[in-house]
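Protein chains in written order, with numbering that gives the first Met the number 0: chain E, 0 to 384; chain F, 0 to 100. From the three backbone atoms N, C-alpha and C, an ideal C-beta is built for every residue, glycine too. No experiment lies behind these values; they were computed from the predicted model shown.
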Amino acid sequence: MIKTRILIVGGGISGLSIAYSLVKRGVNDIVIVEKSYLGSGSTGRCASGIRASFTSREHVVLMKHSIELWKKYAEGELGKHGLYYNQGGYVWLASREETAKTMERLVKLHNSLGVPTRIIGLDELKKLVPPIETKGVVSVLFDPTAGKSSPFSTIFAFYNLLRKKGVRIYLHTSVEEILHNNKRVYGAITSKGKIRAETIVVAAGASTRKLLEPLGVRVPLKNLPRHAMLTEAYREAFKPLVIDWDTPGVPYIVQMKSGSFLIARNIDEEPELSLYSQRIDFMPKAVKPLVRFFPWLRNTRIMRYWMGYYITTPDHHPIYGPVKGYENLYIATGFSGHGYMMAPVTGEVIAEWILNGKPSIDAAERLVLERFEKGALIKELAVVG
Amino acid sequence: MGGKRGHPVIVCRCRDVTLEDVEKAIEEGITDLETLKRRLNIGMGPCQGRTCIPLVASILARKLGKPVDELLIPKIRAPIIPVPINFLLKSVDAKGEERND
C-alpha cells in the first residue's frame with residue numbers, strides 16, 4: 000500500500016501547480032493520481048490565454064497574482080524545464096458605438112483594480128497587429144499584461160521538476176472511492192491499489208462531483224462543451240490574442256509558439272455533450288467573422304480541431320479550499336474556462352489553506368464550496384456585452 | 000539502442016523530433032503514446048501522425064518489451080488532412096451562419 004502526506008486527485012495543471020506550491024514550502028511527500036494522461040481534461044484542450052482583465056474583484060485580484068507567478072516561474076527553475084509566458088497582450092475589437100462605451104467603463108474598472116488596460120487608436124492597433132484590416136473597428140481595448148503560454152510545455156515542466164523533487168505521479172490510475180471516517184478522509188481506492196493519505200485535494204475537474212457525492216458533498220459543476228482549431232504553422236504575424244467582441248460567440252485568434260493560429264468561437268451547445276460529438280460546421284462559423292479582420296486567413300489551412308469543456312460553476316468562479324464537514328479535504332475545480340491561467344495562484348491558495356489554515360489572498364477565502372449553500376455567490380462588477 | 004550517432008535520426012519531420020528526444024521522454028517515465036504525443040508534439044503537425052506515430056509506437060514497444068498492437072494509438076483529430084479555409088467558407092454566409100441556399 001502507498002502512504003503519503005498529501006494525495007492530489009487530478010494530473011491537470013491545477014493538481015500539478017498545487018503540488019509545486021507545496022514543494023516550495025518544503026512538503027514533498029505527495030502523490031498525484033491521474034486517471035488518463037497528464038492534462039487530459041481541460042488543461043491540454045485550452046487556448047492558453049492568460050489575463051487579469053476580468054470584471055469581478057476576486058478574478059482580478061487572483062489573476063494579478065497569477066500573472067506575477069507566471070513571469071516568476073518562467074524565469075526560474077520551471078522555465079529551465081520549458082515553462083514560458085509570452086506577454087503579448089490581449090486586444091478586444093469593438094464594431095459598435097455602444098461597445099466602445101462599455102469598453103471605456105471597463106477600462107475604468109480595471110484601472111481602479113490595478114490592471115493597466117487602455118483604449119488604443121487604430122495606429123497603435125496596426126503596430127501591435129500589423130496584418131489586420133481595421134475597417135469598421137470603432138474602438139480597441141488593449142490589456143498589455145495579458146499573454147499566452149503552452150499547456151503542454153507547462154505541464155511537462157511541472158511534471159519533470161516535481162519528479163526530481165520526489166513527488167510520486169501515477170498516470171492512468173483512477174480513483175474509485177475516497178475513504179472517509181468520522182469527518183476525516185484517510186485515503187483512496189484506486190485502479191492500481193489503495194493509497195493512505197493524511198490530506199486529500201480533489202482537483203479532478205468535473206469528476207470531482209462524482210468522487211465527492213458518496214461523502215455527502217454536492218459540487219455544482221456543469222461541463223460546457225467548447226470547440227477550438229489550429230491552422231498550419233506560419234511565421235510570427237502578431238503577438239496579442241485578438242477578440243472580435245461584437246460578433247456573437249466572441250470569436251478570437253492567437254498565434255501559438257509553433258506558428259499555428261488557434262481560432263475559437265462559442266457556439267450553442269448542450270452541457271455534458273460528449274467531447275467526440277464534433278461539429279464540422281464549427282470550423283467555418285468560427286473563422287468567417289475573423290476573415291473580415293484578417294483576409295489572408297482564407298489562404299491558410301485548418302490542421303486540427305478538437306473539443307474541450309469549460310467546467311462551470313453557478314457564478315463562474317472556481318471552488319477553492321476546504322470542504323465543510325471534513326477536516327482534511329480540499330477542492331480546486333470549477334474554473335469556468337480560466338483554470339489554466341489561474342493555476343499558479345491556485346497552487347498557492349490551496350497550499351496555504353492546507354499548511355496555514357487560510358490563504359494569504361483574502362479574495363480567495365470567499366471561493367469556498369460553502370458559498371453556494373449560503374447563497375453568497377461572487378458578483379460581477381460589470382456585465383460585459 | 001543508444002550510443003553516439005554521427006547525426007540525429009529524425010522521427011517526426013513536421014516538428015523535427017529526433018530518436019534521442021523520444022528516448023529521453025521515455026526515460027522521464029512516460030510510457031504511453033497519448034502522453035508522448037503531448038510531451039514531444041508528435042502527431043500534431045500537418046502529417047497528423049502518419050509518419051511519426053508508427054515510428055514512435057515501435058520505439059516504445061521495443062523499450063517496454065511489448066508488441067506494438069498492445070499500445071493504444073492516439074485519437075485522430077479532424078480534418079485529417081489540412082483543409083484550406085477558403086474551401087470551408089463556402090458553406091457559410093458573411094456572419095458565419097449556415098447557408099440555406
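Assignment of beta strand (DSSP E) within the region 199–263 of chain E, counting only whole runs of 3 or more residues, yields 221–232, 240–243, 251–254 and 259–263 in chain order. C-alpha of E/Lys378 to C-alpha of E/Leu6: approximately 32 Å in a straight line. For the 8 Å CB-CB criterion, E/Ile266 and E/His315 do not form a contact. Burial check for E/Leu368: the Cβ neighbour count within 10 Å reaches 16 or more, so the residue is buried. Contact check for E/Pro313 against E/Pro219 passes: the beta carbons are separated by less than 8 Å.
When DSSP states are grouped into helix, strand and coil, E/Tyr84 belongs to the coil group.
The shortest C-alpha to C-alpha distance from E/Leu105 to any of E/Trp69, E/Asp142 and E/Gly186 is the one to E/Asp142. Contact between the region 152–161 of chain E and the region 10–19 of chain E is present: 3 or more CB-CB pairs across the two stretches fall below 8 Å. In its chain, beyond the 5 residues on either side, Thr172 and Ser173 have a beta carbon closer than 6 Å to the beta carbon of E/Ser190. Given a length threshold of 3 residues, each whole run of the beta strand (DSSP E) inside the region 279–360 of chain E is given here in chain order: 300–311, 318–321 and 328–332.
Contact with chain F is found for E/Pro288, since one of that chain's Cβ atoms lies less than 8 Å from the residue's Cβ. Contact note: E/Gln277 reaches chain F through Ala77, using a C-beta cutoff of 7 Å and chain order. With a threshold of 8 Å between beta carbons, E/Trp91 makes no contact with chain F. Less than 8 Å separates the beta-carbon of E/Leu37 from that of E/Gly10. Around the C-beta of E/Asp243, 16 or more other C-beta atoms lie within 10 Å, and the residue is accordingly described as buried.
Chain-order list of chain F residues neighbouring E/Glu231: Gly44, Pro45 and Pro81, by C-beta distance under 9 Å. As summarised for the region 121–167 of chain E, the continuous beta strand (DSSP E) elements at least 3 residues long and confined to that stretch are 138–142, given in chain order. Partner residues in the beta bridge of E/His179, as assigned by DSSP, are E/Val184.
Sixteen is the threshold: since fewer than 16 other Cβ atoms of the shown chains lie within 10 Å of the Cβ of F/Leu63, the residue is exposed.
If you draw a straight line from the Cα of F/Gly95 to the Cα of E/Met302, it comes to about 19 Å. Counting along the chain, the unbroken alpha helix (DSSP H) around E/Val22 starts and ends at Ile12 to Lys23.
Residue burial annotation: F/Glu26 is exposed, with fewer than 16 other C-beta atoms found within 10 angstroms of its C-beta. In the DSSP assignment, the residues bridged to E/Lys193 are E/Ile188. No Cβ of chain E is located within less than 8 Å of the beta carbon of F/Arg49. When DSSP states are grouped into helix, strand and coil, F/Ile41 belongs to the coil group.
Chain order gives no chain F residues near E/Gly258, where near means a beta carbon separation below 8 Å; the closest approach is about 10 Å. Interface criterion met: the Cβ of E/Gly38 is under 8 Å from a Cβ in chain F.
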